[in-house]
Amino acid sequence: MWKGIFPAVTTKFTEDGGLDHDEMKRCFDLQIDAGCDGIIVCGSLGEGSMLSQEERLEVMKTAQASAGDRPVLMTVAEAATREACALAEKAAKADASGLMIVPSPIYHTNPEETKATLRAVAEASDLPIMIYSNPVAYRVDVTPDVMEDLADDARFVAIKESSDNIRRTTDIINRLGDRYDVFTGVDNLAFEALSVGAVGWVAGLVVAFPKETVAIYRLMKAGRVDDALQIYRWFRPLLDLDVSTYLVQNIKLAEALEIKSNDRVRMPRMPLSGARRAEVEKIIMDAIASRPVLQDLDSLVA
């Protein structure tokens, strides 16, 4: 159902802490103009847990204005299943294309609780669902066993695989074939995952470097693996910034330096400062100074 590059977009704030819809629209337009295939709002990178449900719906509406006929998915990552179902129902009424669901970021559900929560949210929304498995960050592993048990519900269409175990992509495909659209959710494992059958990439650094991200995906799908690898090797120091406690601050700083946005975050996060900021800024600026020349993306398989 879904494939390609789906940016996990950042949420932009005004100086007084409100939502900056004009800046979000500008940034979202850059993603679509570069050839991204969908948008995911209000995830970890989008600071969804720092937003009210009403604010998340506002962000989704802005993304829909940029996306046109491309899908916009709302992230559902609530501590309690009741609140997750409420947000899912609201997103459905606001014409979300689908949901990306984290079982619970606070209470670490066991497999039976995980399945029950996912089924409850699916029932509340009746929307297509991308299951988000990230045992590293959220300590809930949606394993192939769990995915097989959920396969009887056609609303579960995709998996964002973020276990940090590159073998998992092959395990899913060997076990379940093409039942789920497998997306990689770890920026610095994207080439590897696409090499073994992932059909999409929920990307982070794409928000600052959309053309390079799209180029890697399209080159891989066109069978031009060596060309994709050359860009990926250049990209790796940047992609490593996604695998960090400070991924939001890192990536928003990349947006500030590359696309002239800003790095405002919502507390308790604060923008990078001191030696940490200098280190990340150097990685970004070194990459900008050495960026590869890209092929005409329109000539590649989308």
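Just remember that the working numbering sits 174 ahead of the position in the sequence shown, which is counted from 1. Here a beta-carbon is modelled for each residue, glycine too, at the ideal position from N, C-alpha and C.
Measuring straight from C-alpha to C-alpha, what distance separates residue i and residue j?
i: S299; j: R341; result: 32 Å
i: E287; j: I179; result: 30 Å
i: I305; j: A266; result: 16 Å
i: V422; j: A428; result: 10 Å
i: V388; j: P442; result: 32 Å
i: K456; j: A449; result: 11 Å
Pick out whichever of the options has its Cα sitting closest to the Cα of residue i.
i: T184; options: D416, S447, P466; result: D416
i: R392; options: S240, C210, L446, V320; result: C210
i: F330; options: I303, D361, N284; result: I303
i: C259; options: L412, A364, R353, Q227; result: Q227
i: G351; options: M234, G371, A367; result: G371
i: A148; options: G397, F357, I346, L431; result: Outside the shown range of the chain, which is 175 to 476, sits residue 148, and nothing can be said about it.
i: S473; options: G192, K395, R450, L292; result: K395
i: E335; options: D327, T344, A328; result: T344
Between which two residues does the beta strand (DSSP E) harbouring residue i extend?
i: P309; result: That residue, P309, is in no beta strand (DSSP E); its alpha helix (DSSP H) goes 309 to 312.
i: P181; result: 178 to 181
i: E335; result: 330 to 335
i: L247; result: 246 to 250
i: G272; result: 272 to 275
Beta carbon of residue i, beta carbon of residue j: below 8 Å?
i: D355; j: A332; result: yes
i: M274; j: T249; result: yes
i: Q205; j: V380; result: yes
i: Y312; j: V360; result: no
i: K177; j: V373; result: yes
i: K186; j: M198; result: yes
8 Å is my cut-off, CB to CB: does residue i come that close to chain B?
i: T344; result: Absent from the structure is chain B; it holds one protein chain and no more.
Taking residue i as part of the alpha helix (DSSP H), name the residues at either end of that continuous run.
i: E263; result: 255 to 267
i: L231; result: 227 to 241
i: M394; result: 384 to 395
i: F202; result: 195 to 207
i: G374; result: First-last for G374: 374 to 377, but that is the beta strand (DSSP E), not the alpha helix (DSSP H).
i: L128; result: Outside the shown range of the chain (175 to 476) lies residue 128, about which nothing can therefore be said.
i: F357; result: Unbroken run through F357 is the beta strand (DSSP E), 355 to 358; no alpha helix (DSSP H).
i: M441; result: No alpha helix (DSSP H) holds M441; DSSP gives it neither H nor E.
i: I347; result: 341 to 350
For residue i, which residues of its own chain have a beta-carbon under 8 Å away from its beta-carbon, when the five flanking residues on both sides are left out?
i: S337; result: S307, N308, P309, V310, D315
i: D319; result: P285
Going along the chain, which residues of its own chain have a beta-carbon closer than 6 Å to the beta-carbon of residue i, five neighbours each way excluded?
i: P279; result: A251, Y312
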